[in-house]
Amino acid sequence: MRRKLAAGNWKMNGNGASLAEIETLARDHAEGGTDLVICPPATLISRAAAVAGPIDIGGQDCHMAASGAHTGDISASQLRDAGATAVILGHSERREAHEEDSAMIREKARAAHAEDLTTIICVGESLAQRDAQNTLDIIGAQLSLSVPDTATGHNTVIAYEPIWAIGTGKVPSMNEIGQVHDFIRSNLERRFGSGVGRSVRLLYGGSVKPGNAAEIFSVSNVDGALVGGASLKAADFSPIVAALDATT
Ligand code: 13P
Numbered sequence: 005m006r007r008k009l010a011a012g013n014w015k016m017n018g019n020g021a022s023l024a025e026i027e028t029l030a031r032d033h034a035e036g037g038t039d040l041v042i043c044p045p046a047t048l049i050s051r052a053a054a055v056a057g058p059i060d061i062g063g064q065d066c067h068m069a070a071s072g073a074h075t076g077d078i079s080a081s082q083l084r085d086a087g088a089t090a091v092i093l094g095h096s097e098r099r100e101a102h103e104e105d106s107a108m109i110r111e112k113a114r115a116a117h118a119e120d121l122t123t124i125i126c127v128g129e130s131l132a133q134r135d136a137q138n139t140l141d142i143i144g145a146q147l148s149l150s151v152p153d154t155a156t157g158h159n160t161v162i163a164y165e166p167i168w169a170i171g172t173g174k175v176p177s178m179n180e181i182g183q184v185h186d187f188i189r190s191n192l193e194r195r196f197g198s199g200v201g202r203s204v205r206l207l208y209g210g211s212v213k214p215g216n217a218a219e220i221f222s223v224s225n226v227d228g229a230l231v232g233g234a235s236l237k238a239a240d241f242s243p244i245v246a247a248l249d250a251t252t
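Numbering (our numbering), first residue to last: 5 to 252.
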């Protein structure tokens with residue numbers, strides 16, 4: 005049975021005062037069937053890890069190289085050294101603003117796996133791609149190029165984040181989410197075999213809120229969520245975690 009996972013992506017939000025939110029989450033969710041990971045900005049990782057208790061702390065990106073002349077970048081081993089155990093890779097905001105392609109994301113994931121970081125690899129279609137009925141083709145191509153051969157159920161999580169649902173309050177229908185998650189599951193089973201393919205956790209991301217979480221978590225092959233805006237405050241994230249706990 006796959007453990008449920010609630011992941012928070014703080015993006016470029018938060019400062020030292022925000023650590024209190026992690027302390028609250030750590031206190032309120034010390035027990036429960038759901039794994040939690042919070043990915044704060046890099047500036048907060050080591051301080052977050054110090055107060056996170058049972059919550060895992062993750063980065064939002066890493067470089068594919070182990071070290072070197074890469075001004076402004078952070079390596080997987082530096083994330084580990086700072087206290088992170090996970091990293092988000094290939095978020096659509098990085099694919100777009102930093103021109104990251106799937107081949108780069110695969111190399112980053114390899115580097116992260118070499119440091120035993122859990123990679124949360126993001127895939128998702130634009131609205132134009134959905135309207136043109138290309139969603140499954142896009143997701144299939146992103147999966148085969150972005151996910152390295154080193155993927156296992158332990159070190160890899162896939163987040164399906166339709167770009168048009170991120171920060172917009174728009175959410176696909178439950179049928180649409182189920183269709184994509186079932187597709188991702190069978191794609192992984194075909195490539196990695198049923199053991200690994202069935203053990204990789206699949207998260208839905210894009211406008212997950214306390215009010216829609218339970219419905220989303222009832223969809224087949226949804227093992228949790230990657231949450232942006234509603235992960236910034238413990239008061240918003242806690243009910244999402246509770247909705248996941250209720251499915252276990
Ligand atoms: P929102 O939950 O704010 O829509 O963001 C989703 C996201 O991009 C998480 O990575």
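Think of the CB as a built atom: it goes at the ideal place given N, C-alpha and C, for glycine as much as any other residue.
Original post:
Can you tell me the Cα-Cα spacing of residue 11 and residue 218, whole angstroms?
Top reply: Looking up residue 11 in the sequence shown gives position 7. Looking up residue 218 in the sequence shown gives position 214. In a straight line, the C-alpha of residue 11 is about 15 angstroms away from that of residue 218.
Original post:
Would a C-beta distance cut-off of 8 angstroms place residue 208 and residue 188 closer than the cut-off?
Top reply: Working through the sequence shown from its first residue, we reach residue 208 at position 204. Working through the sequence shown from its first residue, we reach residue 188 at position 184. Their beta carbons are not under 8 angstroms apart, which means residue 208 does not touch residue 188 by this criterion.
Subject >> Residues with C-beta closer than 6 angstroms to any heavy atom of ligand 1, in chain order >> reply: 13, 95, 165, 170, 171, 209, 210, 211, 212, 230, 231, 232, 233, 234
**OP:** Answer yes if the segment 221 to 239 comes into contact with the segment 194 to 203, meaning at least three C-beta pairs across the two stretches below 8 angstroms, and no otherwise.
**Re:** no
**OP:** Tell me where the beta strand (DSSP E) around residue 49 begins and ends.
**Re:** Taking the first residue of the sequence shown as 1, we reach residue 49 at position 45. It is not in any beta strand (DSSP E) - residue 49 instead sits in the alpha helix (DSSP H) that spans 49 to 55.
**OP:** May I have the straight-line CA-CA distance separating residue 25 from residue 133, to the nearest angstrom?
**Re:** Translated into the one-based positions of the sequence shown, residue 25 becomes position 21. Translated into the one-based positions of the sequence shown, residue 133 becomes position 129. In a straight line, the C-alpha of residue 25 is about 37 angstroms away from that of residue 133.
Original post:
Any chance the segment 37 to 44 sits against the segment 66 to 85, with 3 or more Cβ pairs inside 8 angstroms?
Top reply: Counting Cβ pairs under 8 angstroms, fewer than three are found: no touch.
**OP:** Hey, could you find the ends of the beta strand (DSSP E) residue 153 is sitting in?
**Re:** For the purposes of this step, residue 153 is identified with residue 149 of the sequence shown, where counting begins at 1. Run containing residue 153: none; DSSP gives neither H nor E here.
Original post:
Do the segment 45 to 64 and the segment 87 to 97 meet, that is, are 3 or more Cβ pairs less than 8 angstroms apart?
Top reply: yes
Original post:
In whole angstroms, what is the alpha-carbon distance linking residue 159 and residue 150?
Top reply: On the sequence shown, residue 159 is found 155 positions in, with the first residue counted as 1. On the sequence shown, residue 150 is found 146 positions in, with the first residue counted as 1. The straight-line gap from Cα to Cα measures roughly 14 angstroms.
**OP:** Whole angstroms is fine: what's the gap from residue 21's alpha carbon to residue 236's?
**Re:** Working through the sequence shown from its first residue, we reach residue 21 at position 17. Working through the sequence shown from its first residue, we reach residue 236 at position 232. Between residue 21 and residue 236, the C-alpha separation is close to 12 angstroms.
Original post:
For residue 163, which three-state DSSP category applies?
Top reply: Counted from its first residue, the sequence shown places residue 163 at position 159. Residue 163 falls in the strand class under three-state DSSP.
Original post:
So is the beta-carbon of residue 165 under 7 angstroms away from any non-hydrogen atom of ligand 3?
Top reply: Summarising the ligand content, the structure contains ligand 1 and does not contain ligand 3.
Original post:
What number of angstroms, rounded off, separates the C-alpha of residue 153 from the C-alpha of residue 161?
Top reply: Counted from its first residue, the sequence shown places residue 153 at position 149. Counted from its first residue, the sequence shown places residue 161 at position 157. Answer to the nearest angstrom: the Cα atoms are 14 angstroms apart.
Subject >> Start-end ranges of the beta strand (DSSP E) lying completely within the segment 12 to 78, minimum 3 residues >> reply: 38 to 43, 60 to 63
**OP:** Could you tell me which residues DSSP puts in a beta bridge with residue 1?
**Re:** Given that the chain is displayed from residue 5 to residue 252, the structure contains no residue 1 and the question cannot be resolved.
**OP:** Provide the residue(s) that pair with residue 8 in DSSP beta bridges, ordered along the chain.
**Re:** Looking up residue 8 in the sequence shown gives position 4. 38, per the DSSP bridge assignment.
Original post:
So, is residue 108 buried or exposed, given that buried needs 16 or more other C-beta atoms within 10 angstroms?
Top reply: Numbered from 1 along the sequence shown, position 104 holds the residue referred to as residue 108. Buried: at least 16 other Cβ atoms inside 10 Å.
**OP:** Please determine if the segment 133 to 144 and the segment 90 to 105 are in contact, where contact requires at least 3 C-beta pairs separated by less than 8 angstroms.
**Re:** no
Original post:
Can you give the Cα-Cα distance for residue 177 and residue 81, rounded to whole angstroms?
Top reply: The residue given as residue 177 occupies position 173 in the sequence shown. The residue given as residue 81 occupies position 77 in the sequence shown. Spanning the two alpha carbons is a distance of roughly 39 angstroms.
Original post:
Based on the DSSP secondary-structure assignment, which residues constitute the bridge partners of residue 127?
Top reply: Taking the sequence shown and counting its residues from 1, one reaches residue 127 at position 123. Residue 127 is bridged to 164.
**OP:** Evaluate residue 120 with the Cβ neighbour count: other Cβ atoms within 10 Å of its Cβ, from every protein chain shown; 16 or more gives buried, anything less gives exposed.
**Re:** Along the sequence shown, read from residue 1 onward, the residue named residue 120 stands at position 116. Under this definition residue 120 is an exposed residue.
Subject >> Residues of its chain near residue 32, where Cβ-Cβ distance is below 6 angstroms and the 5 sequence neighbours each way are ignored >> reply: Here residue 32 refers to the residue found at position 28 of the sequence shown. 242, listed in sequence order.
**OP:** Look at the Cβ atom of residue 29, then the Cβ atom of residue 228, and state whether they are nearer than 8 angstroms.
**Re:** Along the sequence shown, one-based indexing puts residue 29 at 25. Along the sequence shown, one-based indexing puts residue 228 at 224. Cβ distance not < 8 angstroms, so residue 29 and residue 228 don't count as in contact.
**OP:** Go to residue 201, then tell me how far its alpha helix (DSSP H) extends in each direction, as first and last residue.
**Re:** Here residue 201 refers to the residue found at position 197 of the sequence shown. Where residue 201 is concerned, the enclosing alpha helix (DSSP H) stretches over 178 to 203.
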